[in-house]
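One structure is given below, encoded as structure tokens.
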Amino acid sequence: KVLMQLKQSHPVNQRIDGFIYDNRKLFLDLQQTQNKLSLSVSIHDSCEAKSQIKKKSLIDDQIYFHSQQVSDLQQEIELNDKVSKFSPYQIYKQYQPNQSPKISLLHQYQESDEVLSLRRENENLKKRFSEYQKQTKQQLDCQLELEVIQNLTTEQNQQIETQKQQLVALQKQLIELQTAVYQKHKDLTQSNSQIQQLQIEIETVNSQMQLQKQETQDQKIIISDLKQQLAQRDLNANKQQIQAEKEANDAIKEQEEQIFRLNQENQQLKKQMKLLFSQVIDAKNEAEEQMEAKEREIMKLKAELG
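Using the working numbering, the first residue of the sequence shown is number 3, and each one after it goes up by one.
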């Protein structure tokens, strides 16, 4: 009866083979999951990583299920190991205690061969179970490595999101700087228009000065002629001559004062024009330096994003 029970335990060998096959298949699936998750590290979207994590959870459940079945098999193996150590007589006495031990030598020989065969098969089961335990340990190592890769993927996704935010902020600053530069150019254009207007006014003042100089020269010629005429007149006309000279001198003095005022206004306009030129150049240099600095920052960030 015990030998029949031991013979019925032979399918345990087939179940162990099936578990080893399933275990190898699970190990290959875990390796594929690990490879896919490693490739997904360089991908910004984490959908693939979530899918692999879900698949990993299913594999963990399968590993737990197989570990329970392996525990049951181990108990069966221990039972077979204990039974295979019994001698045929002990087996006979255990299950037929009230009968006399009438066992022929041939029957004893046959039963001993069967027990030895069962022992050998049980040793093979132990070896296969040991191999299954090694493969299970490899699966656990792969599982730990998969968790490490998952943590690295999460950290890299956070770094990429931070760099995206920094890039958006820099682009916003660049837009603001471009707006400021546009306003500077607009101001420069307005300043150039003002400078052109000042130049026209200066040319007008210069023309007026030339006309007044010409008029003064003409008046001097007239005065010289008047002096010659007055010298030829009678001495009785000395008073008229003195009055004419006085009026002429007053007119000359007034013309010279007007020329002096125009010269001062011209100098003031030239100083304003120089100040505007200096302000325009400084604003242009400052805007160009800010644009170059922002462009270097953006190029550096793009190079880091690679």
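Quick reminder that beta carbons are idealized off the backbone N, C-alpha and C, glycines included.
query                                                                                                        : result
Contacting residues, own chain, Cβ-Cβ under 8 Å from Q274 (five flanking each side not counted)              : L200
Check: N251 C-beta below 7 Å from any heavy atom of the ligand ADP                                           : Of the ligands one can find in the structure shown there are none, so the ligand ADP has no counterpart to examine.
Distance between D189 and Q214 (C-alpha atoms, nearest Å)                                                    : 37 Å
At least 3 beta-carbon pairs within less than 8 Å: the region 278-286 vs the region 170-190                  : yes
Rounded separation between V282 and A250 - CA only                                                           : 48 Å
Nearest residue (CA-CA) to Q221, options E258, L264, K241                                                    : E258
Sequence-distant residues of the same chain with beta carbon closer than 7 Å to E297, five excluded per side : none
E203 to Q167 span [Cα, whole Å]                                                                              : 54 Å
Euclidean distance between Cα positions of R263 and E294                                                     : 47 Å
8 Å Cβ cutoff met for Q292 and L169                                                                          : no
Beta-carbon proximity check, E299 vs L172, cutoff 8 Å                                                        : yes
CB contact flag (E267, V207, <8 Å)                                                                           : yes
Length-filtered (3 minimum) beta strand (DSSP E) runs lying within the region 206-279                        : none
Euclidean distance between Cα positions of N305 and Q165                                                     : Reading off the sequence, residue 305 comes out as Ala, not Asn. Those two C-alpha atoms are separated by around 12 Å.
Residues near A253 in its chain [Cβ-Cβ closer than 8 Å; skip 5 each side]                                    : Q221
6 Å CB neighbourhood of L176 in its chain, flanking five on each side removed                                : K296
Environment of T156 [buried if 16+ CB atoms lie within 10 Å]                                                 : exposed
Backbone CA spacing between Q219 and A233 [nearest angstrom]                                                 : 21 Å
Nearest-angstrom Cα separation, counted from E133 out to Q92                                                 : With a pLDDT of 48 at Q92, under the threshold of 50, the predicted position of this residue should be treated as unreliable, and no value is reported.
Short Cβ contact (8 Å threshold) for Q196 with L278                                                          : yes
Cβ neighbour criterion (16 or more within 10 Å) applied to L142                                              : exposed
Assigned exposure category for L307 - 16 Cβ within 10 Å defines buried                                       : exposed
For K276 and N265, the rounded distance between their alpha carbons                                          : 17 Å
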